[in-house]
Amino acid sequence: MSPAERRRTLEVLDRLERAYPDARCALDFDTPLQLLIATILAAQAQDKHINTVTPGLFAKYRTAADWAEAPLDQLEVDLKPTGFFRNKAKAVKATCQALVERHGGAVPEDLDALVALPGVGRKTANVVLGNAFGHPDRVATDTHVLRLSARLGFTEETDAAKVEADLEARWPAPRRTRACHLLQFHGRQVCVARRPRCDACPVNDLCPSAFRVEAEAKDEAAARRPRPAKKVGKKTKKAGPARRGR
Ligand code: SF4
């Protein structure tokens, strides 16, 4: 990365830091186990909504063994409000069974051990390490981080693992977990998916996508729109049999 690009990256992070001093992990939790479960439940759901469901769940299921030993049909009932509850019930139960069998019920503070758990990918593992264990150097590529990294020109990759590697190379290690929080807040409040509010964005002079996303989306929509059928002229009468000359 060039020195100018490094300066731009740090300036973006500094300005977002000033704009969102309260940025933090959007999921509520007290323990690594709670954050691990909440992150699994947050798939295909809004974090805010998950925060309304987890207090009741965490009061009922206090340990990994509680989740692991719960009957699947009971878990499905309890997880129904989170959406996709059948898959989530299976995932949570399998994850907690593995925690009990492999780690005595504790959540391991180790990336390889976390991603070896069923239902836990790199994003979830990095969320847990960065937030529940306080590692400052974790890049969790959730939907906001992926979208904003592309718009801000921090990566040209679309594969989450490659984006993670690009961001690790670009962001100073002590600022990475924090940078994810900043992008998540900015992605929720200003750089939203469909119509980013570039006019209100504190980094619009540093962003290669400024004022282009919406225009490009309109162009794409216009290109996809079916073209009106060409006007066809008046139907001509079917030619009758050729007149015989007299
Ligand atoms: S200028 Fe627009 S596209 Fe760029 S980060 Fe800001 S809101 Fe997003």
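Everything in the sequence shown is counted per this note's numbering, starting at -14 for the first residue and increasing by one. Think of the CB as a built atom: it goes at the ideal place given N, C-alpha and C, for glycine as much as any other residue. Bear in mind the structure is a predicted one, so any value in this text is a computation, not a measurement.
Worksheet item: Of the residues Y5, T80, H34, D190, which one's Cα is nearest the Cα of G138?
Response: Minimum Cα distance to G138 is reached at D190.
Worksheet entry | Reduced DSSP secondary structure (H/G/I, E/B, other) of Q19 | In the three-state DSSP reduction, Q19 falls in the helix class (H, G or I).
Worksheet item: Apart from the five residues on each side of it in sequence, which residues of its chain come closer than 7 Å, Cβ to Cβ, to V177?
Response: Closer than 7 Å at the Cβ level, and outside the excluded window around V177, lies no residue.
Discussion item. Could you check whether the region 74 to 88 touches the region 20 to 36, counting it as contact only if at least three pairs of C-beta atoms, one from each stretch, sit closer than 8 Å?
Written reply: Enough Cβ pairs lie closer than 8 Å, so yes.
Worksheet item: With a CB to CB cut of under 7 Å and the five nearest residues on each side skipped, what residues in its chain are close to K147?
Response: Close CB contacts of K147 within its chain, under the 7 Å cut and outside five residues either way in sequence, are absent.
Worksheet item: Which word fits F196, buried or exposed, when buried means at least 16 other C-beta atoms lie within 10 angstroms of its C-beta?
Response: By the C-beta density criterion, F196 is exposed, having fewer than 16 other C-beta atoms within 10 angstroms.
Discussion item. Quick check for students: name the residue ranges of the alpha helix (DSSP H) that lie wholly in the region -12 to 34, counting only runs of 4 or more.
Written reply: Entirely contained in the region -12 to 34, the alpha helix (DSSP H) runs reaching 4 residues are, in chain order, -12 to 4, 17 to 26.
Worksheet item: Does DSSP put G106 in a helix, a strand or coil?
Response: In the displayed model, G106 falls within coil according to three-state DSSP, outside both helix and strand.
Discussion item. Let's test the definition: count the other Cβ atoms within 10 Å of the Cβ of K45 and tell me whether it reaches 16, buried, or not, exposed.
Written reply: Per the 10 Å Cβ criterion, exposed.
Worksheet item: Does D190 get closer than 8 Å to chain C when you measure Cβ to Cβ?
Response: Here chain C cannot be found, since the structure has a single protein chain.
Worksheet entry | Nearest candidate by alpha-carbon position, reference V198, set F170, R132, K73, E141 | Cα-wise, what sits closest to V198 is R132.
Discussion item. Restricting to Cα atoms, I'd like to know which of D51, F69, G115 is closest to G89.
Written reply: Checking every option, the nearest Cα to that of G89 belongs to D51.
Fill in: Close-in-space but distant-in-sequence residues of the same chain around C234 (CB under 6 Å, 5 per side omitted)
Examination of residue 234 is not possible in this model, given that the chain is present from -14 through 231 alone.
Worksheet item: When DSSP labels each residue in this structure, what does F196 get in the three-state scheme?
Response: The answer is coil: DSSP assigns F196 none of H, G, I, E or B.
Practice prompt. Pull up the CB-CB distance for V320 and P40, whole angstroms please, since I reckon it's below 8 Å.
Written response: Because the chain is modelled from -14 through 231, residue 320 falls outside the range shown and cannot be assessed.
Item to complete: Could you tell me how far apart the beta carbons of A164 and L(-2) are, in whole angstroms, since I believe they sit closer than 8 Å?
Response: Between A164 and L(-2), the beta carbon gap of about 6 Å places them in contact (Cβ cut-off 8 Å).
Worksheet item: If you measure from the CB of L(-5), is any heavy atom of the ligand SF4 nearer than 7 Å?
Response: Incorrect: L(-5) has no Cβ contact closer than 7 Å to the ligand SF4.
Discussion item. Would you say the beta carbon of N111 is closer than 7 Å to some non-hydrogen atom of the ligand SF4?
Written reply: False, no ligand heavy atom lies under 7 Å from that Cβ.
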